[in-house]
Amino acid sequence: GKAKAGATAAGAGARGSVDGPAANARFSDPFAIAVAHKGRVFVADAGTSGAIRRLDADGSVHTLPGRFQTPSGVAVDGAGAVYVADTAANAVFRIDPDGKVVRLAGDGTAGRRDGPGAQARFDGPMGLAVDGAGTVYVADAYNDAIRAIGKDGVVRTLAGGERTGFA
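Structure follows, in C-alpha cells:
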C-alpha cells in the first residue's frame, strides 16, 4: 500500500539484502532514491549488496539485475531504463527494462576526460538525473564538475572542474 507521511515505506530496520514484502525487506546502505511512474521507487543500495532495489506500489521490494561496487546515484527515464552512478567504478551504467546492464560511460579509471562513453573518465560519480530528451547528467564529485552523457554516448563537461570553490 501507500506509505503515510512519517511512516517507513520499506525496510525491517536491520542491515541486509532481503527482497519481499516491504516490512520484511532489508537494505545494506540505501544511498539514493528515484521515483518513477506506476508508484515505483528505485533505491541505490550502496552497501554489501551493491544493488539497485525497486519498491513497487504494492509494497514489495525486488533486486534488479547487476552488481555494482558502490551504487551512489540512481535515475529513471520515461521508458523505464534505470541509470546508476557507480562511485567506486568511476562509471555510469544503464539497466534496460528487459534487465540488460550496459556500461554507459566511464572506463573505470579515475580521471577527467570527455569524449565517447567507453573512453570517458569520471572521478567519483555520485548524483544522476535524466531529462526527457535522454541526456544523463552526472555530479562528478571528485572532479567538482557537472557532466552530461548525450544520447550519442558522448560525455562532455557542462560546468566546473577547474578547481574547487564557489564561482
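Quick note, in our numbering, the sequence shown goes up one by one and the last residue is 178. No residue lacks a Cβ here, since even glycine has one placed at the ideal position from N, Cα and C. Nothing here was measured: the structure is a model prediction, and the numbers come from that model.
Work out the CA separation of residue j and residue i for me, nearest whole Å.
i    : j    : result
V93  : R167 : 21 Å
A170 : D151 : 10 Å
Q80  : N101 : 10 Å
G145 : R105 : 12 Å
A18  : R37  : The predicted model places A18 with a pLDDT of 44, which falls under 50 and marks its position as unreliable, so this point remains unresolved.
A16  : R124 : Residue confidence for A16 is low, a pLDDT of 48 falling below 50, so the modelled location carries little weight and cannot support an answer.
P136 : V113 : 16 Å
G128 : Y148 : 13 Å
A121 : A47  : 30 Å
I63  : T74  : 6 Å
G58  : A99  : 12 Å
D107 : E173 : 34 Å
On the DSSP letters alone, give me the boundaries of the beta strand (DSSP E) that residue i sits inside.
i    : result
F53  : V52 to D56
T168 : V165 to G171
A152 : Counting along the chain, A152 falls outside any beta strand (DSSP E), and DSSP gives it neither H nor E.
A102 : A102 to I106
If I'm right that residue i touches residue j with Cβ under 8 Å, what's the distance once you round it to whole angstroms?
i   : j   : result
V85 : F53 : 5 Å
P82 : D56 : 7 Å
Identify the residues that DSSP records as bridge partners of residue i: which are they?
i    : result
H73  : R65
A36  : Paired residue(s): none; A36 is not in a bridge.
R158 : V149 and T168
L115 : L115 is not bridged to any residue.
A140 : Y148
Using 8 Å as the threshold, is the C-beta distance between residue i and residue j below it?
i    : j    : result
G89  : G143 : yes
V72  : A43  : no
A116 : A140 : no
G6   : A68  : Given a span of 12 to 178 for the chain in the structure shown, any question on residue 6 remains unanswerable.
V103 : V95  : yes
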